[in-house]
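Below is one structure; the comments refer to it alone.
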Amino acid sequence: MRPGDIAGKTRRRMVAELIEDLVSTVRRLKAIKAEQATAVRDRGSSLMSRYGVGPDGAARILADVGDVTRFADRNRLASWTGTAPLDASSGEPRHCRTTGPG
649 MRPGDIAGKT
659 RRRMVAELIE
669 DLVSTVRRLK
679 AIKAEQATAV
689 RDRGSSLMSR
699 YGVGPDGAAR
709 ILADVGDVTR
719 FADRNRLASW
729 TGTAPLDASS
739 GEPRHCRTTG
749 PG
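Given below as structure tokens:
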């Protein structure tokens, strides 16, 4: 596309600059994701082998939880992360829910 008027040329230049910015941002994000994956693997974690857990999620979990051995058992970890099931029944049948993150 080769616009002839000044407005068209300006729009074309602005779009080209935005595309360059986008390509640069995507490149930086890929580099960050690769760094996170390396850091997670270097820590000896197998979190990324779980379905749906990528470098971002694994790094966040490791950063938030820290050393998992500080929890006496899996139930204490679940309680701390807000994923422990809570009784949400007011009668029969009985069912549970989780508190969710935070």
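The numbering used here puts the sequence shown at residues 649 to 750. Beta carbons are placed, not taken as given, at the ideal position from N, Cα and C, and that holds for glycine. None of the values given here were measured: they were computed from a predicted structure.
- Residue environment analysis places Ala720 among the exposed positions, since fewer than 16 neighbouring C-beta atoms fall within 10 angstroms of its C-beta.
- Nearest to Glu683 by C-alpha distance, out of Gly702, Arg718, Thr717 and Thr658, is Gly702.
- Apart from the 5 residues on each side of it in sequence, Ala685 sits with its Cβ closer than 6 Å to the Cβ of Pro703 in its chain, given in chain order.
- A buried status is given to Val688, since no fewer than 16 other beta-carbon atoms sit within 10 Å of its beta-carbon.
- Counting only the Cα atoms, Thr731 lies some 17 Å from Ala711.
- When secondary structure is reduced to three states using DSSP, Pro651 falls in the coil class, being assigned neither helix nor strand.
- A distance of 8 Å or more separates the beta carbons of Ile680 and Leu695.
- The three-state reading of DSSP puts Ser727 in helix, counting H, G and I together.
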